[in-house]
Amino acid sequence: MKKQIPLIFSGLIIIIIAFILQLNDKATNKLTNKPLIETFDLASLTALKISDVSGTVIQAQKALTDEGTVHWQHSNLDNYPVKIQDLSQFVQTLKDARIIEAKTKVAEKHGQLGLNALNDQSSVDSKANTGTQLALTNDTQTLTLLLGHTAKSSGGRYVRFANNDQTWLVDNALTTPSSATRWIDKKLFTEFTMLDIQQIKKSGADGFSLTKADQSAVGFSLAELPKNAVAKPSEELASLASSLAGLRMNAPTEFKADFWQTDLANQFQVNLFNGLKFEIKLKQNNDKSWLSATARGTDDASELAANDFNSRFGQWQYQIANYSFDSLNKNIKDMLVDTQSSTE
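My numbering puts the first residue of the sequence shown at 102, with every later residue one more than the last.
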(Lines of atoms letter the chains of each structure in order from A and count residues from 1; the text may use other names and numbers.)
(Lines give C-alpha, C1' and ligand atoms only; values in the text may rest on other atoms or scores of the structure.)
Protein backbone atom coordinates (compact mmCIF):
# COMPACT_ATOMS: atom_id res chain seq x y z
CA MET A 1 0.00 0.00 0.00
CA LYS A 2 2.83 2.36 0.87
CA LYS A 3 4.29 1.78 -2.63
CA GLN A 4 0.99 2.78 -4.22
CA ILE A 5 0.76 6.15 -2.42
CA PRO A 6 3.44 7.87 -4.57
CA LEU A 7 1.78 6.55 -7.70
CA ILE A 8 -1.59 7.86 -6.60
CA PHE A 9 -0.02 11.21 -5.66
CA SER A 10 1.70 11.43 -9.07
CA GLY A 11 -1.57 10.64 -10.80
CA LEU A 12 -3.33 13.42 -8.90
CA ILE A 13 -0.64 15.90 -9.91
CA ILE A 14 -1.02 14.92 -13.57
CA ILE A 15 -4.81 15.32 -13.36
CA ILE A 16 -4.47 18.76 -11.71
CA ILE A 17 -1.96 19.93 -14.35
CA ALA A 18 -4.22 18.68 -17.15
CA PHE A 19 -7.18 20.47 -15.54
CA ILE A 20 -5.25 23.75 -15.31
CA LEU A 21 -4.13 23.47 -18.92
CA GLN A 22 -7.68 22.77 -19.98
CA LEU A 23 -8.88 25.87 -18.13
CA ASN A 24 -6.19 27.93 -19.86
CA ASP A 25 -7.26 26.56 -23.24
CA LYS A 26 -10.88 27.38 -22.51
CA ALA A 27 -9.92 30.90 -21.45
CA THR A 28 -7.94 31.34 -24.66
CA ASN A 29 -10.70 29.90 -26.82
CA LYS A 30 -13.18 32.36 -25.31
CA LEU A 31 -11.12 35.12 -26.87
CA THR A 32 -11.54 33.76 -30.39
CA ASN A 33 -14.09 35.41 -32.68
CA LYS A 34 -13.79 38.51 -30.53
CA PRO A 35 -12.80 41.99 -31.76
CA LEU A 36 -9.04 42.46 -31.90
CA ILE A 37 -9.37 45.87 -30.28
CA GLU A 38 -12.08 45.69 -27.65
CA THR A 39 -11.20 47.96 -24.72
CA PHE A 40 -9.36 50.77 -26.54
CA ASP A 41 -11.64 53.62 -27.69
CA LEU A 42 -10.73 54.18 -31.34
CA ALA A 43 -13.35 56.93 -31.64
CA SER A 44 -11.20 59.15 -29.40
CA LEU A 45 -7.96 58.43 -31.28
CA THR A 46 -5.53 61.36 -31.10
CA ALA A 47 -2.32 59.91 -32.54
CA LEU A 48 -1.16 56.95 -34.59
CA LYS A 49 2.37 55.74 -35.28
CA ILE A 50 3.47 52.96 -37.63
CA SER A 51 7.09 51.79 -37.51
CA ASP A 52 9.11 49.03 -39.12
CA VAL A 53 12.77 48.03 -39.27
CA SER A 54 13.54 51.01 -41.51
CA GLY A 55 12.17 53.51 -39.00
CA THR A 56 9.00 55.59 -38.66
CA VAL A 57 6.60 55.09 -41.55
CA ILE A 58 3.61 57.10 -40.34
CA GLN A 59 3.43 59.49 -37.40
CA ALA A 60 0.06 61.20 -37.52
CA GLN A 61 -1.69 63.25 -34.88
CA LYS A 62 -4.67 65.51 -34.35
CA ALA A 63 -3.96 69.23 -34.38
CA LEU A 64 -5.72 72.59 -34.55
CA THR A 65 -5.52 74.86 -37.58
CA ASP A 66 -5.04 78.63 -37.19
CA GLU A 67 -8.82 78.91 -37.55
CA GLY A 68 -9.34 76.52 -34.64
CA THR A 69 -10.64 73.55 -36.62
CA VAL A 70 -9.39 70.02 -35.90
CA HIS A 71 -7.43 68.14 -38.54
CA TRP A 72 -4.86 65.35 -38.79
CA GLN A 73 -1.26 66.01 -39.82
CA HIS A 74 1.91 64.02 -40.54
CA SER A 75 4.54 64.81 -37.90
CA ASN A 76 7.18 63.05 -40.00
CA LEU A 77 6.18 64.92 -43.17
CA ASP A 78 6.59 68.52 -41.99
CA ASN A 79 3.04 68.47 -40.55
CA TYR A 80 1.43 68.05 -43.96
CA PRO A 81 -2.32 67.23 -43.82
CA VAL A 82 -3.27 63.57 -43.62
CA LYS A 83 -5.72 62.34 -46.23
CA ILE A 84 -8.54 61.68 -43.83
CA GLN A 85 -10.23 59.06 -46.03
CA ASP A 86 -7.14 56.83 -45.82
CA LEU A 87 -6.84 57.23 -42.06
CA SER A 88 -10.56 56.59 -41.53
CA GLN A 89 -10.47 53.49 -43.69
CA PHE A 90 -7.53 52.06 -41.73
CA VAL A 91 -9.17 52.79 -38.37
CA GLN A 92 -12.37 51.14 -39.57
CA THR A 93 -10.35 48.08 -40.58
CA LEU A 94 -8.96 47.91 -37.04
CA LYS A 95 -12.49 48.18 -35.62
CA ASP A 96 -13.72 45.34 -37.83
CA ALA A 97 -10.77 42.98 -37.26
CA ARG A 98 -11.70 39.88 -35.30
CA ILE A 99 -9.58 37.15 -33.75
CA ILE A 100 -9.86 33.84 -35.60
CA GLU A 101 -7.49 31.68 -33.66
CA ALA A 102 -4.98 31.72 -30.83
CA LYS A 103 -1.47 30.85 -31.96
CA THR A 104 1.80 30.31 -30.12
CA LYS A 105 2.70 32.09 -26.89
CA VAL A 106 6.29 30.85 -26.96
CA ALA A 107 8.50 33.91 -27.42
CA GLU A 108 11.15 31.95 -29.32
CA LYS A 109 8.59 31.19 -32.04
CA HIS A 110 7.48 34.79 -32.62
CA GLY A 111 9.87 35.15 -35.55
CA GLN A 112 8.12 32.34 -37.44
CA LEU A 113 5.01 34.53 -37.55
CA GLY A 114 6.93 37.72 -38.27
CA LEU A 115 6.26 39.01 -34.78
CA ASN A 116 9.71 39.72 -33.37
CA ALA A 117 9.82 43.11 -31.67
CA LEU A 118 11.60 45.97 -33.44
CA ASN A 119 14.43 45.87 -30.92
CA ASP A 120 14.84 42.07 -31.14
CA GLN A 121 18.34 41.20 -32.33
CA SER A 122 18.19 37.57 -31.19
CA SER A 123 18.62 36.03 -34.64
CA VAL A 124 20.43 36.73 -37.88
CA ASP A 125 17.20 36.83 -39.83
CA SER A 126 15.35 38.92 -37.23
CA LYS A 127 14.90 41.74 -39.77
CA ALA A 128 12.79 39.58 -42.07
CA ASN A 129 10.82 38.22 -39.13
CA THR A 130 10.29 41.52 -37.34
CA GLY A 131 6.76 42.86 -37.06
CA THR A 132 5.36 46.22 -38.05
CA GLN A 133 4.66 48.15 -34.87
CA LEU A 134 1.40 50.05 -34.55
CA ALA A 135 0.95 52.47 -31.64
CA LEU A 136 -2.51 53.93 -31.05
CA THR A 137 -3.02 56.80 -28.61
CA ASN A 138 -6.22 58.33 -27.28
CA ASP A 139 -6.94 60.68 -24.40
CA THR A 140 -6.22 58.08 -21.73
CA GLN A 141 -3.85 55.40 -23.03
CA THR A 142 -1.52 54.07 -25.72
CA LEU A 143 -2.08 50.63 -27.20
CA THR A 144 0.80 49.00 -29.08
CA LEU A 145 0.46 46.03 -31.41
CA LEU A 146 2.85 44.10 -33.60
CA LEU A 147 1.60 43.07 -37.04
CA GLY A 148 3.34 40.04 -38.51
CA HIS A 149 3.18 37.88 -41.61
CA THR A 150 0.02 37.40 -43.63
CA ALA A 151 -1.49 33.94 -43.30
CA LYS A 152 -1.55 32.23 -46.70
CA SER A 153 -4.49 30.03 -45.83
CA SER A 154 -6.93 32.67 -44.59
CA GLY A 155 -5.55 35.97 -45.87
CA GLY A 156 -5.60 37.23 -42.30
CA ARG A 157 -2.60 38.43 -40.32
CA TYR A 158 -0.68 37.31 -37.26
CA VAL A 159 -0.64 39.88 -34.46
CA ARG A 160 0.31 40.23 -30.83
CA PHE A 161 0.09 42.98 -28.29
CA ALA A 162 3.36 44.51 -27.10
CA ASN A 163 4.76 43.00 -23.92
CA ASN A 164 2.54 39.94 -24.36
CA ASP A 165 3.85 36.68 -25.82
CA GLN A 166 0.42 35.37 -26.85
CA THR A 167 -0.04 35.61 -30.63
CA TRP A 168 -3.25 35.65 -32.60
CA LEU A 169 -4.53 35.20 -36.14
CA VAL A 170 -7.06 37.86 -37.18
CA ASP A 171 -9.43 37.82 -40.13
CA ASN A 172 -7.99 40.87 -41.88
CA ALA A 173 -4.64 41.59 -43.53
CA LEU A 174 -4.48 44.99 -41.74
CA THR A 175 -2.48 46.44 -44.63
CA THR A 176 -0.29 49.36 -43.59
CA PRO A 177 1.13 52.10 -45.89
CA SER A 178 4.72 51.83 -47.07
CA SER A 179 5.36 55.56 -46.55
CA ALA A 180 3.68 58.71 -45.23
CA THR A 181 3.08 59.94 -48.77
CA ARG A 182 0.59 57.07 -49.17
CA TRP A 183 -1.72 58.95 -46.82
CA ILE A 184 -1.75 62.36 -48.51
CA ASP A 185 -3.75 63.82 -51.38
CA LYS A 186 -1.19 64.12 -54.16
CA LYS A 187 -3.41 66.19 -56.43
CA LEU A 188 -2.15 69.71 -55.91
CA PHE A 189 -5.00 71.85 -57.21
CA THR A 190 -8.38 70.62 -56.06
CA GLU A 191 -9.77 74.17 -56.28
CA PHE A 192 -10.16 74.17 -60.04
CA THR A 193 -10.49 72.12 -63.17
CA MET A 194 -9.11 72.87 -66.61
CA LEU A 195 -12.36 74.66 -67.56
CA ASP A 196 -12.11 77.03 -64.56
CA ILE A 197 -8.86 78.59 -65.86
CA GLN A 198 -9.41 81.93 -67.58
CA GLN A 199 -5.80 82.99 -68.15
CA ILE A 200 -2.25 81.66 -67.85
CA LYS A 201 0.30 84.42 -67.95
CA LYS A 202 4.07 84.25 -67.92
CA SER A 203 6.14 87.44 -67.71
CA GLY A 204 9.58 88.17 -69.11
CA ALA A 205 11.20 88.20 -72.51
CA ASP A 206 9.99 84.70 -73.36
CA GLY A 207 6.63 85.18 -71.64
CA PHE A 208 3.15 84.66 -73.06
CA SER A 209 -0.53 85.03 -72.19
CA LEU A 210 -3.11 82.34 -72.87
CA THR A 211 -6.72 83.42 -72.43
CA LYS A 212 -10.29 82.35 -73.09
CA ALA A 213 -13.53 84.32 -72.75
CA ASP A 214 -15.95 81.43 -72.34
CA GLN A 215 -15.59 79.17 -69.29
CA SER A 216 -17.16 76.23 -71.12
CA ALA A 217 -14.60 76.47 -73.94
CA VAL A 218 -11.71 74.01 -73.99
CA GLY A 219 -9.26 75.85 -76.21
CA PHE A 220 -7.16 78.94 -75.43
CA SER A 221 -6.02 81.90 -77.52
CA LEU A 222 -2.50 83.30 -77.52
CA ALA A 223 -2.50 87.06 -76.92
CA GLU A 224 0.10 89.44 -78.39
CA LEU A 225 1.59 87.25 -81.08
CA PRO A 226 5.15 88.08 -82.11
CA LYS A 227 5.54 89.51 -85.59
CA ASN A 228 5.09 86.98 -88.41
CA ALA A 229 4.40 84.22 -85.85
CA VAL A 230 1.60 81.65 -85.98
CA ALA A 231 0.01 80.34 -82.81
CA LYS A 232 -0.61 76.65 -82.31
CA PRO A 233 -4.23 75.47 -82.47
CA SER A 234 -6.31 76.42 -79.44
CA GLU A 235 -6.68 72.79 -78.33
CA GLU A 236 -2.89 72.38 -78.27
CA LEU A 237 -2.49 75.60 -76.29
CA ALA A 238 -4.91 74.12 -73.74
CA SER A 239 -2.41 71.39 -72.85
CA LEU A 240 -0.75 73.68 -70.30
CA ALA A 241 -4.07 74.23 -68.52
CA SER A 242 -4.67 70.49 -68.58
CA SER A 243 -1.25 69.81 -67.05
CA LEU A 244 -1.92 72.31 -64.26
CA ALA A 245 -5.39 71.07 -63.41
CA GLY A 246 -4.26 67.45 -63.21
CA LEU A 247 -0.89 68.06 -61.54
CA ARG A 248 0.17 65.55 -58.89
CA MET A 249 3.13 65.82 -56.56
CA ASN A 250 5.54 63.19 -55.32
CA ALA A 251 6.03 64.62 -51.82
CA PRO A 252 5.79 67.87 -49.85
CA THR A 253 8.50 69.48 -47.75
CA GLU A 254 8.58 72.62 -45.65
CA PHE A 255 8.66 75.83 -47.72
CA LYS A 256 12.11 77.47 -47.78
CA ALA A 257 12.05 81.07 -49.00
CA ASP A 258 15.79 81.14 -49.80
CA PHE A 259 15.34 78.24 -52.18
CA TRP A 260 13.00 80.33 -54.34
CA GLN A 261 15.29 83.28 -55.02
CA THR A 262 14.71 82.95 -58.75
CA ASP A 263 13.91 85.14 -61.74
CA LEU A 264 10.66 85.32 -63.71
CA ALA A 265 11.81 82.67 -66.16
CA ASN A 266 10.21 79.94 -64.03
CA GLN A 267 7.23 81.83 -62.69
CA PHE A 268 3.72 82.32 -64.04
CA GLN A 269 0.24 83.31 -62.94
CA VAL A 270 -3.00 81.34 -63.25
CA ASN A 271 -6.25 83.32 -63.09
CA LEU A 272 -9.62 81.62 -62.59
CA PHE A 273 -13.05 82.79 -63.67
CA ASN A 274 -14.11 83.05 -60.00
CA GLY A 275 -11.47 85.72 -59.28
CA LEU A 276 -8.94 83.41 -57.61
CA LYS A 277 -5.33 83.89 -58.74
CA PHE A 278 -2.39 81.53 -58.25
CA GLU A 279 1.30 82.35 -58.49
CA ILE A 280 3.21 79.25 -59.56
CA LYS A 281 7.00 78.92 -59.26
CA LEU A 282 9.10 76.12 -60.72
CA LYS A 283 12.67 75.11 -60.03
CA GLN A 284 15.03 72.22 -60.69
CA ASN A 285 17.81 71.38 -58.25
CA ASN A 286 20.05 68.30 -58.13
CA ASP A 287 17.94 66.51 -60.74
CA LYS A 288 14.78 67.09 -58.74
CA SER A 289 11.87 69.28 -59.82
CA TRP A 290 10.02 71.55 -57.40
CA LEU A 291 6.90 73.69 -57.40
CA SER A 292 5.45 76.24 -54.99
CA ALA A 293 2.07 77.95 -55.15
CA THR A 294 0.36 80.84 -53.39
CA ALA A 295 -3.11 82.24 -53.95
CA ARG A 296 -4.83 85.60 -53.69
CA GLY A 297 -8.35 86.82 -54.29
CA THR A 298 -9.93 89.74 -56.10
CA ASP A 299 -13.15 89.92 -54.04
CA ASP A 300 -14.44 88.74 -50.68
CA ALA A 301 -15.35 85.23 -51.85
CA SER A 302 -12.13 84.57 -53.74
CA GLU A 303 -10.05 86.14 -50.96
CA LEU A 304 -11.61 83.69 -48.51
CA ALA A 305 -10.77 80.80 -50.84
CA ALA A 306 -7.22 82.11 -51.28
CA ASN A 307 -6.65 82.34 -47.53
CA ASP A 308 -7.93 78.79 -47.13
CA PHE A 309 -5.57 77.48 -49.82
CA ASN A 310 -2.55 79.32 -48.40
CA SER A 311 -3.21 78.11 -44.85
CA ARG A 312 -3.54 74.50 -46.00
CA PHE A 313 -0.89 74.31 -48.73
CA GLY A 314 1.22 77.47 -48.79
CA GLN A 315 3.53 76.27 -46.01
CA TRP A 316 5.15 73.65 -48.22
CA GLN A 317 6.96 73.25 -51.50
CA TYR A 318 6.32 70.22 -53.63
CA GLN A 319 8.56 67.79 -55.40
CA ILE A 320 7.02 66.88 -58.74
CA ALA A 321 8.03 64.43 -61.44
CA ASN A 322 10.54 65.74 -63.97
CA TYR A 323 8.08 65.08 -66.79
CA SER A 324 5.50 67.22 -64.94
CA PHE A 325 8.07 70.00 -64.70
CA ASP A 326 8.68 69.77 -68.46
CA SER A 327 4.95 69.97 -69.16
CA LEU A 328 4.71 73.24 -67.18
CA ASN A 329 8.04 74.91 -67.93
CA LYS A 330 6.96 76.57 -71.19
CA ASN A 331 7.89 79.77 -73.04
CA ILE A 332 6.54 81.68 -76.02
CA LYS A 333 8.30 79.39 -78.51
CA ASP A 334 6.34 76.43 -77.19
CA MET A 335 3.12 78.27 -78.09
CA LEU A 336 4.05 78.89 -81.72
CA VAL A 337 4.01 76.80 -84.87
CA ASP A 338 7.55 76.09 -86.03
CA THR A 339 7.08 77.64 -89.48
CA GLN A 340 10.77 77.15 -90.37
CA SER A 341 10.55 73.40 -89.96
CA SER A 342 7.25 73.23 -91.79
CA THR A 343 8.67 74.97 -94.87
CA GLU A 344 11.77 72.79 -95.16
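The C-beta atom is built at its ideal place from N, Cα and C for all residues, glycine as well. It should be emphasised that the depicted structure is a prediction, and the values quoted were computed from it without experimental measurement.
In the DSSP assignment, Asp-153 forms a beta bridge with Gly-156.
With a 10 Å radius around the Cβ and a threshold of 16 neighbouring Cβ atoms, His-172 comes out exposed.
If you ignore the 5 residues before and after Leu-289, its C-beta comes within less than 6 angstroms of the C-beta of Leu-348 and Met-350, all in its own chain and listed in chain order. Remark: fewer than three beta-carbon pairs, one from each stretch, lie closer than 8 angstroms, so the stretch 262 to 270 and the stretch 320 to 335 are not flagged as touching. In this structure, Ile-301 and Leu-341 form a Cβ contact; the two beta carbons are roughly 6 angstroms apart against a cut-off of 8 angstroms. For Ala-198, the closest of Phe-321, Leu-275 and Ile-159 by C-alpha to C-alpha distance is Leu-275.
For the pair Ala-324 and Leu-437, the Cα-to-Cα distance works out to about 12 angstroms. Rounded to the nearest whole angstrom, the CA to CA distance from Arg-258 to Lys-150 is 19 angstroms.
Cα atoms of Gln-242 and Gln-420: separation of roughly 37 angstroms, rounded to the nearest angstrom.
The C-beta of Ile-298 has 16 or more other C-beta atoms within 10 Å across all chains shown, which makes the residue buried. Taking C-beta atoms under 8 angstroms as the contact rule, Ile-159 and Ala-281 qualify, at a distance of about 5 angstroms. A contact between stretches requires three or more CB pairs, one per stretch, nearer than 8 angstroms, and the stretch 235 to 255 meets this requirement with the stretch 135 to 147. By the Cβ test, the stretch 383 to 391 is not in contact with the stretch 304 to 317, since fewer than three Cβ pairs between them sit closer than 8 angstroms. With respect to the C-alpha of Phe-374, the residue from Ile-185, Asp-427, Leu-178 and Thr-399 having the closest C-alpha is Thr-399. Classified as buried, Pro-353 has 16 or more neighbouring CB atoms from the shown chains inside 10 Å of its CB. Between the alpha carbons of Lys-287 and Val-271 lies a gap of roughly 32 angstroms. Buried is the label assigned to Tyr-181, since at least 16 other Cβ atoms lie within 10 Å of its Cβ. Across the structure, Leu-137 and Lys-163 are spaced so that their CA atoms are roughly 24 angstroms apart. Boundaries of the alpha helix (DSSP H) around Arg-413: 401 to 414. Under the three-state reduction of DSSP, Thr-231 is assigned to strand. Distance from the CA of Val-183 to the CA of Arg-283, rounded to the nearest whole angstrom, comes to 9 angstroms. Under the three-state reduction of DSSP output, Ala-339 falls in the coil class, being neither helix nor strand. Here Gln-418 is buried. Its C-beta has 16 or more other C-beta atoms within 10 Å. The alpha-carbon of Lys-378 is positioned some 9 angstroms away from that of Glu-404.
Here Asn-372 is bridged, per DSSP, to Gln-300 and Lys-378.
When Lys-303, Leu-165 and Leu-216 are compared, the shortest CA-CA separation from Ile-433 is found for Lys-303. Ala-203 and Asn-134 have their C-alpha atoms spaced approximately 10 angstroms apart.
Counting only residues of its own chain and dropping the five nearest sequence neighbours on each side, Leu-392 has a CB closer than 6 angstroms to the CB of Leu-383, Tyr-419 and Ile-421.
Distance from Ala-339 to Gly-320 at the Cβ level is roughly 5 angstroms; contact confirmed, criterion being Cβ atoms closer than 8 angstroms.
Within the same chain, Cβ atoms closer than 6 angstroms to the Cβ of Asn-230 are found at Gly-212, Gly-215 and Asn-217, the five residues on either side in sequence being excluded. Sorting Arg-413, Thr-233, Phe-369 and Ile-381 by C-alpha distance to the C-alpha of Gly-169 places Arg-413 at the top.
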